[in-house]
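When you read off a place in the sequence shown, starting at 1, and then add 20, the result is the number in the numbering used here. Think of the CB as a built atom: it goes at the ideal place given N, C-alpha and C, for glycine as much as any other residue. Since the model is a prediction, treat every value here as computed from it, not as a measurement.
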Amino acid sequence: MKLFFLKALLFLMFLTFFSCDTKKTKPESKPYKAGVILSFDDAYVDEWAEADAALKKYGWKATFNVCRIDSIGAPEIKTLLKMQKEGHEIAGHGYHHYNAVKFVKQYGIDAYMQQEINPMIVSMKKKSFKVTSFAYPYGERSDELDKALSSKFKIIRGRAFGGEIPEKQDSYFNNSKIVFAFDIDNSHIHFSIPYVLELLDYAKKNNKILLLCGHKPVKNVTENYQTKIETLEFICKYMKANDLKFYTLSDLDELLPQK
């Protein structure tokens, strides 16, 4: 009988130890407020500055993913540094703006890092940009690329190409460093103000962070890869009216689960 009780006691001690150990190693997410990340790709610095001037009244902040950094003129670099100082994020978008998936398929991952990523990081650092996030050109990515870039960047952004119902959309932060943004350029096949409103409503009601991306902010759309200032105004007004928070891509790093 004593042997039975001893075995039972040892078994209970094992269960307690295992339970405590599991709790210690399980990553925990930090609580956060519902909000939106507005991000813009390429190098439309003048248009970004115009959008910034129009949207300052909403207390907005955005992430500007810059490519071809060494082709940008000194006045535009000065503008980007000013925007960074005011709380916007300047992130990476490739040194040459290569399609990462196509480039790696032809030349390999090492060549991609040497030609597209490393020179971009070096040049942006020399120009005093604090680059911790990266957005894939054309939104195309792979697991191999994600793994290679994970040591270089805290947050990596692709694109959510579909127009699924909000609960099936990939464009919400999901406690991962690999995130996806919904395209709000007027030329995007799934874009419409009613659909963006659905995405915003879902973020508000379910305490989510919605990721959106565009390229060149304009008053009147004349070609592809343009986002209407009117659309950005609509989003900012909704956010202010519904107490949603403006996030940058780099803000997400602070919300990732504890390891």
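Using the Cα positions of residue i and residue j, report the straight-line distance between them to the nearest angstrom.
i	j	result
V141	F154	Checking the sequence, you will find Ile at residue 141 rather than Val. If I take the Cα positions, the gap works out to 10 Å.
K146	P214	43 Å
F37	D271	Reliability fails at F37, whose pLDDT of 42 lies under 50, so the model's placement of it is uncertain and no value is given.
S162	V121	7 Å
K76	F254	14 Å
D281	K197	The question about residue 281 has no answer here: the residues shown for the chain are numbered 21 through 279.
N194	L165	19 Å
S143	E160	23 Å
Q189	L276	20 Å
K105	F211	32 Å
V124	V199	21 Å
G183	I92	34 Å
L232	K167	23 Å
D90	N119	18 Å
Q278	K150	23 Å
L252	T83	14 Å
Going by DSSP, what residues sit across from residue i in a beta bridge?
i	result
D62	V86
A155	R177
D205	Answer is none; D205 lacks a bridge partner.
I185	According to DSSP, which records beta bridges pairwise, I185 is partnered with nothing at all.
G55	I229 and K265
I198	I176
Y192	L230
Label residue i either buried or exposed according to how many other C-beta atoms from any shown protein chain fall within 10 Å of its C-beta, with 16 as the threshold for buried.
i	result
S59	buried
G114	buried
D66	exposed
T242	exposed
S170	exposed
Y127	exposed
G112	buried
I185	exposed
A71	buried
N138	exposed
K248	buried
G234	buried
A73	exposed
N227	exposed
N240	exposed
K236	buried
Closer than 8 Å by C-beta to residue i: which residues in its own chain qualify, once you throw out the five before and the five after it? Chain order, please.
i	result
H117	D62, C87, R88 and P157
G55	A223, I229, L230, M259, L264, K265, F266 and Y267
P51	none
V238	E67, Q246, T247, K248 and I249
CB-CB under 6 Å to residue i, same chain, minus the five flanking residues each way: which ones, in chain order?
i	result
A69	T99
S207	N244
F181	none
E218	P186
L220	Y258
Please go through the same chain and pick out, in chain order, the residues whose beta-carbon is closer than 7 Å to the beta-carbon of residue i, but skip the five residues on each side of it.
i	result
K81	G107, H108, F266 and T268
K174	T152, S153, K197, S270 and D273
N262	K224
L32	Since pLDDT at L32 reaches only 45, below the 50 mark, its modelled position is unreliable, and no value is offered.
R179	G159, F200, A201, D203 and C233
### Task
Identify every run of the alpha helix (DSSP H) within the stretch 209–274, keeping only runs that are complete inside it and at least 4 residues long; order them along the chain.
213–226 and 249–261
### Query
Residue ranges of each beta strand (DSSP E) run of no fewer than 3 residues wholly in the stretch 97–142, ordered along the chain?
109–112
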